């Protein structure tokens, strides 16, 4: 993960999943505001488990890349089958990915085998465990995330903590739309910040003034020539994070306003169609009754004439 592609690729995955969840949660709440229940994953049209399959396949691909493609000898162990110090970070990144693969596999299994009443909270437990492991392993990372890189990862941990907290709250408060909304937005924000982090730390043109990209034993890292340059770079990172969060809030709320208005109109059109259908059925019944009464009157007249 200590490369540009190692942050951008999973970041893109988090962004897509977050937006997918945001869309579905808003849609569900717009249609069923009184009976809304959040979900940790959402079925895709015609391919029910597409989201879970993509998470599992993407995670397995990342595991293979991290453990067997990335290392120079294409395997992460030492000659005595111990884990060398320079590959500890590979195992930590793989452990994070494995937790999400486990979540995806068991989410599908629970959906097929368990009742909805049990599957929903247990799936939330699995997703909460995945975000919890992600936060813990980033917090206790063997790679010394100091300086500018450490600041970017510290800000990332804040977003992960929000995803973890809202997933945990989703277990006990599945009907709370605000928790589901924030959870979805935070997953998307994880993706945005990972992408931003990948470009900011591994693109020489984006490295702050007074800092440079330095090749080290484990991975390349940004180093600054003075404390003043480091302080400036960290302040820029804080400002960038603030701007990204503000942009995410604006987008999420505008997205909600757009979708809620759109689905509200659909509900109104459906209500009008139902009313028109009811009116037409009522007219048919009235005409039928009128027809029956006219026939009765005609028969009475015939009988009198006879």
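In the numbering used here, the protein residues as written are 653 to 958.
A virtual CB, placed ideally from N, CA and C, is assigned to each residue, including glycine.
Please read these numbers as outputs of a predicted model, since none were measured by experiment.
- Contact check for residue 783 and residue 836: beta-carbon distance about 13 Å, past the 8 Å limit, so the pair fails to qualify.
- Annotation: the segment 842-916 contains no complete segment of the alpha helix (DSSP H) (minimum length 4 residues).
- 8 Å or more divides the Cβ of residue 838 from the Cβ of residue 785.
- Within the segment 739-825, complete alpha helix (DSSP H) segments of at least 4 residues are found at 740-765, 768-791, 799-824, given in chain order.
- Annotation: the segment 675-725 contains the following complete segments of the alpha helix (DSSP H) (minimum length 4 residues), in chain order: 702-716.
- The criterion of a C-beta distance shorter than 8 Å is not satisfied by residue 696 and residue 843.
- The DSSP-derived three-state label of residue 735 is coil.
- For a cut-off of 8 Å, the C-beta gap from residue 726 to residue 720 is around 5 Å, short enough to register as a contact.
- The three-state reading of DSSP puts residue 662 in helix, counting H, G and I together.
- Residues 692, 755, 819 of the same chain have their beta carbon placed closer than 6 Å to that of residue 779, with the five preceding and five following residues left out of the count.
- A distance of 8 Å or more separates the beta carbons of residue 675 and residue 905.
- In this structure the segment 868-878 does not lie against the segment 805-819, because fewer than three pairs of beta carbons, one per stretch, are closer than 8 Å.
- Between the alpha carbons of residue 827 and residue 859 lies a gap of roughly 44 Å.
- The beta carbons of residue 762 and residue 774 sit about 6 Å from each other, so the pair counts as a contact at 8 Å.
- With a threshold of 16 other beta carbon atoms within 10 Å, residue 767 falls short and is exposed.
- If you compare the alpha carbons of 668, 679, 670, 671 with that of residue 917, the shortest gap goes to 679.
- Spatial neighbours of residue 753 in its own chain (CB-CB distance under 8 Å, excluding positions within 5 residues in sequence) are listed in chain order as 707, 708, 711, 712, 715.
- Taking 8 Å as the cut-off, the Cβ atoms of residue 882 and residue 799 count as close.
- Residue 704 is positioned such that its CB atom lies closer than 8 Å to that of residue 759.
- Taking a C-beta distance under 8 Å as the contact criterion, residue 816 and residue 787 qualify as a contact pair.
- Here residue 655 really is in contact with residue 854; their C-beta atoms are around 6 Å apart, less than 8 Å.
- In the structure shown, residue 729 adopts coil according to DSSP, grouped into three states.
- Counting only the Cα atoms, residue 699 lies some 23 Å from residue 688.
- Inter-residue distance for residue 658 and residue 850 is about 8 Å (C-alpha atoms, whole angstroms).
- Here the alpha carbons of residue 765 and residue 894 stand approximately 43 Å from one another.
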